[in-house]
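Okay, structure first, notes after.
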Amino acid sequence: MRRFTQSLLAICICPSVFMAGAANASLVEKAEQWLNNYSDSDDTFSLTLTKNRIKFKGCKQKQYQLAFSQKITPMFNVEAIVHYNKGLLEYGVLSQRVRSHEFEVVSWWDSGDYRVGLSHKVRPRHELSIPVTDRIQLPTSTSAGVYLEIPFKEDTHLLTLGAVRESWESDGASQEIAWRASRDSQVRVQYAITF
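If you count the sequence shown from 1, position 104 lands on 103 in numbering that gives the first Met the number 0, and the numbers rise without skipping.
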């Protein structure tokens, strides 16, 4: 019951901390220390905030990701992730702003040599703002995925293979859409090197 209460408390606190926008590494570390006071010594959890940004003439994009990970057993852990994305394309009258929020839960099974994950993600608000029209709210997107993470001999190299099925229901759109539902299946390959 105590683990459930900790997880529920962290999931309620994390979006508030994340949406503040001014969160930095020290704030995340303080939150983790505060949560440690209420956990057993054998509980292992982590709280991470990641910020990615790209900017060049006519384009600005930012992505924030706040992840809470709770180890249930030595081989099984659960992650709750909040994503916030925003972008701006500036081309005079054709400028547009895009905003989206995503909530994701991933269950990981770790064999030691590789990790297998099952995910469920919901993107309830995906908005486009264009100066010549009102805001356009795209339909709610839900996706389910299976991931395989394979580390290489060096800890800094990681290969991720994924199969994702994403679906949209037109009921969540701000404007009438000709189709009622749509689905998209994807295979993802990602090779990451940490510097």
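Each residue gets a CB set at the ideal place from its N, CA and C atoms; glycine is no exception. Values in this document were obtained by computation on a predicted structure and should not be read as measured data.
query	result
Three CB pairs or more closer than 8 Å across the region 85–92 and the region 103–115	no
I80 classed as buried or exposed, judged by whether at least 16 other C-beta atoms fall within 10 angstroms	buried
Endpoints, the beta strand (DSSP E) within which Y83 is located	75–88
Under the three-state DSSP convention, the category L93 falls into	helix
Span separating the alpha-carbon of R61 from that of E126	Checking the displayed sequence, the identity of residue 61 turns out to be Lys instead of Arg. Roughly 15 Å between the two C-alpha positions.
Where P138 falls, given that 16 or more other Cβ within 10 Å makes a residue buried	buried
Identity of the residue in Q95, W108, K50 nearest K70 by Cα	W108
Beta-carbon proximity list for T47, same chain, < 6 Å, skipping 5 on both sides	A66
Q95 vs S128 beta-carbon contact at 8 Å	yes
L93 to P130 span [Cα, whole Å]	7 Å
Cα-Cα separation, Q189 to V145	14 Å
Length of the line joining the Cα atoms of P73 and G116	15 Å
DSSP three-state assignment for K29, whether helix, strand or coil	helix
N- and C-terminal bounds of the beta strand (DSSP E) containing K54	44–55
Through-space distance from I149 to T155, alpha-carbon basis	11 Å
Inter-residue Cα distance where the pair is Y90 and Q64	28 Å
CB of E168 within 8 Å of CB of D183, strictly	no
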